[in-house]
Amino acid sequence: MGALPHALVLPFPAQGHVIPLMELSYCLVDHGFRITFVNTEFNHDRVVAALQIHSTMEQINLVSVPDGLDKEEDRNDIGRLTDGLMKTMPPGLEDLIRKSSEAGDRITCMIVDESMAWALEIAKKMGLRPAAFWPASAQLLATLLSIPELTSKGVIDADGAATRQEMFQLGPGMPPMNTAHFVWNCIGDRETQRTVFKCILDNNRAIGIAEFVICNSFKEIEEPAFASAPGILPVGLRLTPDESGIVKQERIKSKVEELLGDEEMRSKALLLKDIAHRNISRGGSSSQNLQAFVDAMKTSTKR
Numbered sequence: 107m108g109a110l111p112h113a114l115v116l117p118f119p120a121q122g123h124v125i126p127l128m129e130l131s132y133c134l135v136d137h138g139f140r141i142t143f144v145n146t147e148f149n150h151d152r153v154v155a156a157l158q159i160h161s162t163m164e165q166i167n168l169v170s171v172p173d174g175l176d177k178e179e180d181r182n183d184i185g186r187l188t189d190g191l192m193k194t195m196p197p198g199l200e201d202l203i204r205k206s207s208e209a210g211d212r213i214t215c216m217i218v219d220e221s222m223a224w225a226l227e228i229a230k231k232m233g234l235r236p237a238a239f240w241p242a243s244a245q246l247l248a249t250l251l252s253i254p255e256l257t258s259k260g261v262i263d264a265d266g267a268a269t270r271q272e273m274f275q276l277g278p279g280m281p282p283m284n285t286a287h288f289v290w291n292c293i294g295d296r297e298t299q300r301t302v303f304k305c306i307l308d309n310n311r312a313i314g315i316a317e318f319v320i321c322n323s324f325k326e327i328e329e330p331a332f333a334s335a336p337g338i339l340p341v342g343l344r345l346t347p348d349e350s351g352i353v354k355q356e357r358i359k360s361k362v363e364e365l366l367g368d369e370e371m372r373s374k375a376l377l378l379k380d381i382a383h384r385n386i387s388r389g390g391s392s393s394q395n396l397q398a399f400v401d402a403m404k405t406s407t408k409r
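Put into structure tokens, the structure is as follows:
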């Protein structure tokens, strides 16, 4: 029996990114993969502590690399964090991949958070199968990928700032959006927003390296968004809102109470549950997409 396919999984170290990629890792383990899950040194101990309750970690190796920030620096400063990651992580990742290969445990593919798409250059350089994962809605990813169109139409300027405040529709059937609510303009001060916008542009360029771009959503609930970006595969692992990578008990309790106390919310939740079940069940579209992705990632590139 040959060695198991070995995936390096790299989440962005911020809220709502770690848990979805860990869930993807568990799915890959179920499909016969070994996983090297890379956190920043700052997040590593927190993630290890949060996952101690799990007993099926044999095929998931948690490792850490520096994020480029001093210990006392604020990791909530997304602009500073992003800048530190892009400057510091590449040599650490290359060294990790090289040492794993030298130890006879070759990494065969890399799956990065789309917010870390710049790391796909490393996958290409090191001869790994490259893929990207988007942990949020397809509409948000479609918006990020539509930045060139938004710029050419004069909706935003070269730095991502909205030229006017108005409602617009990204594509047929998609929910209307307010230009004041572009995600890159809702973070920190203007300098931070420029840094984040530049990182998004860099990621948009790098995403072309990925053989697959998979999204934690379902085609049936975001069909117009997937139609506007046909290269994105919906795999819909599960619905996972969280804070700082960890789902807090108080948040779960408040959402359950809100759901049980509102008939309309309860009906919508049951509908979503039915849609999710159909999509992730054997033969469902998300199940088929995940299987196609798994089969491709099991095929190693030549080095």
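Oh and the sequence shown: position 118 is 224 in the working numbering, straight run, nothing missing.
Note that beta-carbon positions come from the ideal geometry of N, C-alpha and C, so glycine has one too.
The structure presented is a predicted model; accordingly, all values stated were derived computationally and were not measured.
Assuming contact is defined by CB atoms lying nearer than 7 Å, are residue i and residue j in contact in what I supplied?
| i | j | result |
| --- | --- | --- |
| A209 | A312 | no |
| V289 | I184 | no |
| I213 | H112 | yes |
| A462 | F118 | Residue 462 falls outside the range modelled here, since the chain spans only 107 to 409, and no answer is possible. |
| E317 | A248 | no |
| V115 | I217 | yes |
| H150 | D219 | no |
| I51 | M232 | Lying outside 107 to 409, the shown extent of the chain, residue 51 is not represented and no answer is given. |
Ignore the nearest five residues each way along the sequence and tell me which others in residue i's own chain have a CB closer than 6 Å to its CB.
| i | result |
| --- | --- |
| L175 | G190 |
| V153 | N145 |
| R300 | D265 |
| N291 | Q299 |
| A335 | A248 and L251 |
| S161 | Low confidence applies to S161: its pLDDT is 48, below 50, so where it sits in the model is not reliable enough to give any reading. |
| G279 | P330 |
| I315 | L226, K230 and P236 |
| S221 | F118 |
Could you tell me the alpha carbon to alpha carbon distance between residue i and residue j, rounded to whole angstroms?
| i | j | result |
| --- | --- | --- |
| P196 | G294 | 25 Å |
| L134 | C215 | 12 Å |
| L339 | A225 | 20 Å |
| E164 | M128 | 14 Å |
| A402 | K230 | 16 Å |
| G198 | K205 | 11 Å |
| A120 | S258 | 31 Å |
| T194 | C305 | 15 Å |
| N456 | L234 | The structure shown does not extend to residue 456, since the chain is modelled only from 107 through 409, so no value can be given for it. |
What does a CB cutoff of less than 7 Å around residue i pick up in its chain, not counting 5 residues either side in sequence?
| i | result |
| --- | --- |
| T285 | V261, A268, R270, Q271, E272 and F274 |
| I166 | S131, V135, I141 and F143 |
| N310 | L250, L251 and I253 |
| D211 | H112 |
| E200 | I228 and M232 |
Within 10 angstroms of the Cβ of residue i, are there 16 or more other Cβ atoms? Answer buried if so, exposed if not.
| i | result |
| --- | --- |
| E255 | exposed |
| G138 | exposed |
| N182 | exposed |
| Q397 | exposed |
| F399 | buried |
| E297 | exposed |
| E328 | buried |
| T405 | exposed |
With a CB to CB cut of under 8 Å and the five nearest residues on each side skipped, what residues in its chain are close to residue i?
| i | result |
| --- | --- |
| E147 | S170, V171, P172 and D173 |
| P282 | M273, F274 and Q275 |
For residue i, which residues does DSSP report across the bridge?
| i | result |
| --- | --- |
| R140 | H112 |
| F274 | M283 |
| P340 | C321 |
| S207 | Bridge partners of S207: none, in fact. |
| R235 | C215 |
| T146 | V171 |
| I166 | I141 |
| I262 | A268 |
| W240 | C321 |
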